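There are 2 protein chains.
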Amino acid sequence: MANIRDIAKYADVSVTTVSRVINDHPYVSKEKRDRVHAAMKELGYLRNQQALTLSTGKTQRVVVILPYMDHPYYSFFVDGIAKAALENQYRIVIWQTEYKLSEEQQALDLLKHREVDAAIILSHEMSFKEMVSYRAYGPIAVATVGAPKGISSIHVDHYASFVSGIHVLQQHGYEEIGIILSRSHSPSSLARQQAYFDEVASAREQWIWTGYLTSEDGIRLADEFLSQKERPRALFFSSDYVALGFLGEMQRRQLPIPETVAILGFDGNPIGKAFGLSTMLSPNETIGRQLFETALAEMQGASPQTTAMTVMYQTGTTL
Amino acid sequence: MANIRDIAKYADVSVTTVSRVINDHPYVSKEKRDRVHAAMKELGYLRNQQALTLSTGKTQRVVVILPYMDHPYYSFFVDGIAKAALENQYRIVIWQTEYKLSEEQQALDLLKHREVDAAIILSHEMSFKEMVSYRAYGPIAVATVGAPKGISSIHVDHYASFVSGIHVLQQHGYEEIGIILSRSHSPSSLARQQAYFDEVASAREQWIWTGYLTSEDGIRLADEFLSQKERPRALFFSSDYVALGFLGEMQRRQLPIPETVAILGFDGNPIGKAFGLSTMLSPNETIGRQLFETALAEMQGASPQTTAMTVMYQTGTTL
DNA sequence: TTGTACGCGTTATCAC
DNA sequence: GTGATAACGCGTACAA
Numbered sequence: 001m002a003n004i005r006d007i008a009k010y011a012d013v014s015v016t017t018v019s020r021v022i023n024d025h026p027y028v029s030k031e032k033r034d035r036v037h038a039a040m041k042e043l044g045y046l047r048n049q050q051a052l053t054l055s056t057g058k059t060q061r062v063v064v065i066l067p068y069m070d071h072p073y074y075s076f077f078v079d080g081i082a083k084a085a086l087e088n089q090y091r092i093v094i095w096q097t098e099y100k101l102s103e104e105q106q107a108l109d110l111l112k113h114r115e116v117d118a119a120i121i122l123s124h125e126m127s128f129k130e131m132v133s134y135r136a137y138g139p140i141a142v143a144t145v146g147a148p149k150g151i152s153s154i155h156v157d158h159y160a161s162f163v164s165g166i167h168v169l170q171q172h173g174y175e176e177i178g179i180i181l182s183r184s185h186s187p188s189s190l191a192r193q194q195a196y197f198d199e200v201a202s203a204r205e206q207w208i209w210t211g212y213l214t215s216e217d218g219i220r221l222a223d224e225f226l227s228q229k230e231r232p233r234a235l236f237f238s239s240d241y242v243a244l245g246f247l248g249e250m251q252r253r254q255l256p257i258p259e260t261v262a263i264l265g266f267d268g269n270p271i272g273k274a275f276g277l278s279t280m281l282s283p284n285e286t287i288g289r290q291l292f293e294t295a296l297a298e299m300q301g302a303s304p305q306t307t308a309m310t311v312m313y314q315t316g317t318t319l
Numbered sequence: 001m002a003n004i005r006d007i008a009k010y011a012d013v014s015v016t017t018v019s020r021v022i023n024d025h026p027y028v029s030k031e032k033r034d035r036v037h038a039a040m041k042e043l044g045y046l047r048n049q050q051a052l053t054l055s056t057g058k059t060q061r062v063v064v065i066l067p068y069m070d071h072p073y074y075s076f077f078v079d080g081i082a083k084a085a086l087e088n089q090y091r092i093v094i095w096q097t098e099y100k101l102s103e104e105q106q107a108l109d110l111l112k113h114r115e116v117d118a119a120i121i122l123s124h125e126m127s128f129k130e131m132v133s134y135r136a137y138g139p140i141a142v143a144t145v146g147a148p149k150g151i152s153s154i155h156v157d158h159y160a161s162f163v164s165g166i167h168v169l170q171q172h173g174y175e176e177i178g179i180i181l182s183r184s185h186s187p188s189s190l191a192r193q194q195a196y197f198d199e200v201a202s203a204r205e206q207w208i209w210t211g212y213l214t215s216e217d218g219i220r221l222a223d224e225f226l227s228q229k230e231r232p233r234a235l236f237f238s239s240d241y242v243a244l245g246f247l248g249e250m251q252r253r254q255l256p257i258p259e260t261v262a263i264l265g266f267d268g269n270p271i272g273k274a275f276g277l278s279t280m281l282s283p284n285e286t287i288g289r290q291l292f293e294t295a296l297a298e299m300q301g302a303s304p305q306t307t308a309m310t311v312m313y314q315t316g317t318t319l
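Going line by line, the protein sequences match chains X and E. Take the first sequence: its letter number 127 is residue 127 in this note's numbering, and every next letter is one higher. Take the second sequence: its letter number 88 is residue 88 in this note's numbering, and every next letter is one higher.
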């Protein structure tokens, strides 16, 4: 609990000198430097981060805003963010929103109240218009598409990615394709629908299933899918977990894949490999890293930037 | 950027009065209260959290220390912690250690440097002896077994849980049982081995596989398992993800489950349901909640406590 | 009911 | 090289 003043008194120097020693500044005689070090050791000095933070105005913290902690999709982003943050002596504060606007607002209020230096948003309900109003209080980097000037974005180009996924399906001979989306009105879902209608000749509304986020949703999809009279020959998912739920349920019903219907996932979650899931590999950990690095650069004066990432086909046995 | 003094000046009152208004204290005339509110609105006042923190000595933050963000096992704990924390106006800081002692030390240093009020540790390499040396700087709650006095613990009783899992296997007629562990020297692995030798008559060293953490490890296990001349009739895993990796690989090789070998998982990860995995359901989200609540109680003066949780058999088709 | 003055622990400024 | 002293923005005795 000894503070900088106690050290100064004990070493018989000024607090300024102690501060200089702590921060490795020049212009301190070796003799006093040694005395200060000895005093710090003797009294068990520990620098109080809160005081530093108030004094410098920098918190060395970034808030990461995401809807669900327990959805494995997000953990890869967070992993990348966490690694980049730790390497740069930053801490990350996690805020789980469950897509509630009020939670997103509270999380961004951390920026206003100088509790964090920047915000990284993985998915959001909030409009970009509202988000921009927080920009004055610190850099904001998002993993979603459509960010306006002022807000950095490192994201998967969902339109291009879905197009290339559809091409993979078509190269495998599938023309009648259905797609499985998460939230119907999210920008990524809209981009995916657009790609679907642009690239699939037989595209139809009934072959778009929306509201599927978890593996349980995937299980539930089996009934919805099988109950249709006219069914597509292939399903392109927007999440590996949903795809795996569906795949497992089809296996349980002894319906062979891809004979009954081909399955193409999206993400590249390692667990998919165990079940031979064909999928579009998304570089989510890299995106996480870059989100932090972009935010860091902005804190140091750089301009906001937008980067679109692409996905890669990862072969499996479900096509 | 207006601070409490600016408000005071603008409303023509003292800073104390402004502080009282902010914190809803009594003894402020309605008239001045209104003036202060008006001034705050006019100047766009936002309370600086860093200053509050330095002044009160409380950060309203808790650090959560865990080895891997991208291992889905931990996300359920974090989910529970996050929910409980947000309900109590606490923020959580995440520190990913990859089981590196130095990272664990750095994370606990946050406590020393008053950057957080308490620490929650989900899994650790550090000895409890060393951990205790940090206790002086704030409450510590762990999700592991064997915590000494002074350190709170909400954990799965791995010995009892493994015993009950083994009983489930035996009730299904399996006597020759093997077990799959993660890190060989972790307390939970030791408890599981003990349970194994205590309860399984045919227990043998060759039927203990250690070093399996991920689904990829589970895939790899298939070869190790099949190459043994004498094989157990059932495998009891310590993680659903490893079990699923193994299950998927066995399916790929067209080896029927449970005929080739029965599989019992451990965790109760939702994705297991899709593939009919029989497992021991562990209340990890609840444990997360209680970890936070215990830490909070300690911050408010309560004594450290230890609670052991039990797991429940969740039926599937792999036994 | 209100206000003055100080403490929280640090860094930054400026004079010596 | 060194050291007073003023910020940073808030809460809170204590006095009035």
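Ideal Cβ placement from N, Cα and C applies to all residues, glycine included. Computed from a prediction, not measured in an experiment: that's the story for all the values here.
Under the Cβ criterion (8 Å, minimum of three pairs), the region 100 to 108 of chain E counts as touching the region 122 to 136 of chain E. Taking a C-beta cut-off of 7 Å against chain X, the contacting residues of the region 109 to 127 of chain E are K112, H113, R114 and E115, listed in chain order. Neighbours of X/F76 in chain E, taken as residues at a C-beta separation under 7 Å, are given in chain order as D70. Taking C-beta atoms as the reference points, E/V242 and E/S282 fail to come closer than 7 Å.
In this structure, DSSP gives E/I208 an extended state, which the three-state scheme calls strand. Residues of chain E with a Cβ closer than 8 Å to the Cβ of X/E249 are, in chain order, A274. By the beta-carbon neighbour count (other beta carbons within 10 angstroms, threshold 16), X/A234 is buried. At a cut-off of 7 Å between beta-carbon atoms, X/G245 makes contact with chain E. Out of X/A51, X/D70 and X/Q60, the CA that lies nearest to the CA of E/T56 is found in X/A51. One Cα belongs to X/A136, the other to X/I151, and the distance between them is close to 11 Å. Leaving aside the five residues that flank X/I121 on each side, the residues in its chain whose CB is nearer than 6 Å to its CB run, in chain order, I65 and V142.
Contact between the region 269 to 278 of chain E and the region 243 to 253 of chain X is present: three or more C-beta pairs spanning the two stretches fall below 8 Å. The way I'd put it, the region 3 to 12 of chain E does touch the region 30 to 49 of chain E; three or more beta-carbon pairs between them come closer than 8 Å.
Counting only Cβ-Cβ distances below 9 Å, X/A82 has contacts in chain E at M69, I94, W95 and Q96, in chain order. In the structure shown, the three-state DSSP call for E/Y313 is strand. Under DSSP, E/T286 forms no beta bridge with any residue. Taking all protein chains in view, the Cβ of X/T279 is crowded by 16 or more other Cβ atoms within 10 Å, so the residue is classified as buried. Closest in alpha carbon position to X/W207, among X/Y74, X/S227 and X/V15, is X/S227. The beta carbon of X/Y74 sits closer than 6 Å to the beta carbons of L66 and L122 from its chain, once the five residues preceding and following it are set aside; these are given in chain order. Between the alpha carbons of E/R5 and X/N269 lies a gap of roughly 53 Å.
Measuring C-alpha to C-alpha distances from E/K149 to each of E/Y174, E/K129 and E/H167 identifies E/K129 as the nearest. Between E/L111 and E/Y90, the C-beta spacing is not below 7 Å. Taking X/R33 as the centre and dropping the five residues before and after it, the same chain places the C-beta of V21 closer than 8 Å to its C-beta, in chain order. Contact between the region 79 to 86 of chain E and the region 290 to 300 of chain E is established, with three or more Cβ pairs separated by less than 8 Å. With distances taken between CA atoms, X/L169 lies nearest to X/Y196 out of X/H158, X/V145, X/D223 and X/Y196.
Its chain contains F128, S153 and T306 as the residues whose beta carbon lies nearer than 7 Å to that of E/A147, once the 5 sequence neighbours on both sides are disregarded; these appear in chain order. Note that the C-beta distance between X/V163 and X/E199 is below 7 Å. Proximity of chain X to E/S238 at the Cβ level (cut-off 8 Å) is not reached, the minimal Cβ distance being about 17 Å. Between the alpha carbons of X/D109 and X/V63 lies a distance of about 10 Å. The beta-bridge partner set that DSSP reports for X/V142 consists of X/I121 and X/S153.
When DSSP assignments are scanned along the region 170 to 248 of chain X, the uninterrupted stretches of beta strand (DSSP E) that are 3 or more residues long and fall wholly within it turn out to be 177 to 180 and 234 to 236. Counting only runs of at least 3 residues, the region 79 to 132 of chain E fully encloses the following beta strand (DSSP E) elements, listed from N- to C-terminal order: 91 to 96 and 118 to 121.
Contact annotation for E/Q49 against chain X: L110, H113, R114 and E115 [CB-CB distance below 8 Å, chain order]. Residue E/T260 holds the alpha-carbon nearest to the alpha-carbon of E/F225 among E/N3, E/L213, E/S215 and E/T260. In chain order, V64 place their CB closer than 6 Å to the CB of E/I94, counting only its own chain and leaving out the 5 sequence neighbours on each side.
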